[in-house]
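The block underneath contains the structure these notes are about, expressed in structure tokens.
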């Protein structure tokens, strides 16, 4: 009977562990869904409207109307920034594009830039983690830093990640703030939010543990110990692919010798088409083709031989960074300008490392993008 009871307990623990992982996955899927609505829907419409208005404002001669258009463009730009910030807060792209280390490094910058809260980060080599474990650890660290920001009455904390043998990873969040009475932790649901009690429960269900050391007046130290092993590969649904667009020449043979030929690469047709209409009216620029992902960009770069490619970063099949690396290797004379919704220096540097000559956010003013296009060619 004792053996049977132990087997049932083990089975029950395994079931709870799977349920905890599924709960984290469901929560993250909902965050991704909302983030995608903001990124693929609202942001694209706002950016497209801002681009179109910027081009229209250049043609307005009445000063009062021009000032009004400039104000509207400014408001749209603020809307883009707000939507971008919310999208990133919900689901930081770097956490999924990279790993836990990159996610924690982003979190340190985000706390400093958004809340003026400094975090001293110490990282050992991070092992491969299951997606649910990686996300839960990241969200737990973010919540612990929020707690320090709100309650500890300090402006600095420490995060240390270290390996404890071959099977366990420990992440410790500590501060020298006000501290708290560990006996007064509220059960999940009593205090709301993703608090300490909830963190301890959910880390425990994944086979880990949480150690809390704190007292009023002497700071706090919370250590998350989680198992680690081989991560399973993420799978992505198949994406329907539309054929790339090759546009007929607009100018005569003589004009084409001085015209800058452009290839637009973006998986959002609304933004791509809006940008194409805007650039079509610009003297000395000609859009010769559209591509909706990195693989199409690679193929069209060889066929169309554009002078400049405007390359989105986040795309299906082949992303902008990999496409840039391939095109730069095969066609070093083609200039590539990275485009993204995110003001992210890591992404900008990754594009430059891959061979891009410049990087712009999609919310930049039209004149800045056009200047970057002309400038990239003049530097050849």
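In this note's numbering, the protein residues as written are 1110 to 1489. From the three backbone atoms N, C-alpha and C, an ideal C-beta is built for every residue, glycine too. Computed from a prediction, not measured in an experiment: that's the story for all the values here.
According to the DSSP assignment, residue 1373 belongs to the beta strand (DSSP E) that extends over 1369 to 1374.
Judged by beta-carbon spacing, residue 1372 lies within the 7 Å limit of residue 1398, meaning their Cβ atoms are closer than that value. For the options 1171, 1436 and 1227, the alpha carbon positioned closest to that of residue 1462 is the one of 1436. Scanning the segment 1194 to 1260 for uninterrupted beta strand (DSSP E) segments of 3 residues or longer gives 1227 to 1232, listed from N- to C-terminal end.
If you ignore the 5 residues before and after residue 1291, its C-beta comes within less than 7 Å of the C-beta of 1321 and 1323, all in its own chain and listed in chain order.
A distance below 8 Å between beta-carbons, with the five flanking residues on each side excluded, links residue 1411 to the following residues of its chain, in chain order: 1439 and 1440. Within the same chain, Cβ atoms closer than 7 Å to the Cβ of residue 1246 are found at 1209, 1280, 1333 and 1335, the five residues on either side in sequence being excluded. If you ignore the 5 residues before and after residue 1273, its C-beta comes within less than 6 Å of the C-beta of 1279, all in its own chain and listed in chain order. By the Cβ rule, the segment 1420 to 1427 does not count as touching the segment 1384 to 1398, because fewer than three pairs are nearer than 8 Å. In the three-state scheme derived from DSSP, where H, G and I count as helix and E and B as strand, residue 1378 is classed as helix. Pairing residue 1224 with residue 1289, the inter-Cα distance amounts to about 22 Å. Under the three-state reduction of DSSP output, residue 1322 falls in the strand class. As DSSP reads the structure, residue 1449 sits in a beta bridge with 1470. Around the beta carbon of residue 1234, fewer than 16 other beta carbons sit within 10 angstroms, so the residue counts as exposed. Membership of residue 1420 in the beta strand (DSSP E) is indicated by the continuous run 1417 to 1421.
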